[in-house]
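Have a look at the structure below, then the notes.
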Amino acid sequence: MAHGSESASEPVLVALTAPARRSLVEGLVRTPRAEVPAPVLDADAPDAEIAEFLAGIVHTDSGFVARTGSGDRALAVIAGTAAALCGEDIPAALSHPDLPFLTGLKPPAVEALRSVLLAIETDDPDTLTAALTPLAPT
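10 is the number of the first residue of the sequence shown in the numbering used here; add one for each residue after it.
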């Protein structure tokens, strides 16, 4: 250090904020795309077929896209995906989605779900998004 220069020993204040929590449903619904780089699930298929699909897809790196025009089926697929990731009863989650459980998912669980369920495609995204409002953060 040169003679006469002062040391920079003053603390620097840095504002720290928690990162924004990713929404379970924000940006999830979209219009159908011709090219989808992941498996596509017909969310209007019977629950047994969906449960079998979900039990397998959660163990892959590809994720999937669901297609439906029904808000109830979209909610069921979200619940079924969460159940598959948690090792819970997938058919039960498909038939009776547990809203308090889904809205209570911690950020790592939301990230895991969104890395598996890449999108829900529909011809009417506004209606489907409105149907998923109970899962949106308040």
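Quick reminder that beta carbons are idealized off the backbone N, C-alpha and C, glycines included.
From the options, residue whose alpha carbon lies closest to that of residue i
| i | options | result |
| --- | --- | --- |
| residue 104 | 42, 112 and 52 | 52 |
| residue 106 | 117, 113 and 88 | 88 |
| residue 50 | 78, 142 and 21 | 78 |
| residue 37 | 146, 134 and 66 | 134 |
| residue 71 | 86, 46 and 137 | 46 |
| residue 143 | 69, 80, 76 and 58 | 80 |
| residue 68 | 55, 96 and 56 | 96 |
| residue 113 | 58, 145, 57 and 59 | 145 |
DSSP state of residue i mapped onto helix, strand, coil
| i | result |
| --- | --- |
| residue 82 | helix |
| residue 38 | strand |
| residue 137 | helix |
| residue 144 | helix |
| residue 22 | coil |
| residue 51 | strand |
Residue i classed as buried or exposed, judged by whether at least 16 other C-beta atoms fall within 10 angstroms
| i | result |
| --- | --- |
| residue 31 | exposed |
| residue 130 | buried |
| residue 23 | exposed |
| residue 108 | exposed |
| residue 139 | exposed |
| residue 90 | buried |
| residue 82 | buried |
| residue 86 | buried |
| residue 6 | For residue 6 there is no data in the structure shown, the boundaries of the chain being 10 and 147. |
| residue 57 | exposed |
Cβ separation of residue i and residue j, assumed to be a contact under 8 Å, to the nearest whole Å
| i | j | result |
| --- | --- | --- |
| residue 94 | residue 127 | Not really, about 14 Å apart at Cβ, beyond 8 Å. |
| residue 84 | residue 33 | In fact, because the Cβ distance is near 11 Å, the residues do not count as touching under 8 Å. |
| residue 73 | residue 125 | 7 Å |
| residue 75 | residue 99 | At roughly 14 Å, the Cβ-Cβ gap does not stay under 8 Å, so residue 75 and residue 99 are not in contact. |
| residue 48 | residue 66 | 7 Å |
| residue 41 | residue 132 | 7 Å |
| residue 102 | residue 118 | Residue 102 to residue 118, Cβ: 14 Å. No contact. |
Notebook entry, point to check: Hey, which unbroken runs of the alpha helix (DSSP H) at 4 residues or more fall wholly within the stretch 55-135?
Noted result: 56-66, 80-95, 99-104, 108-112 and 116-125
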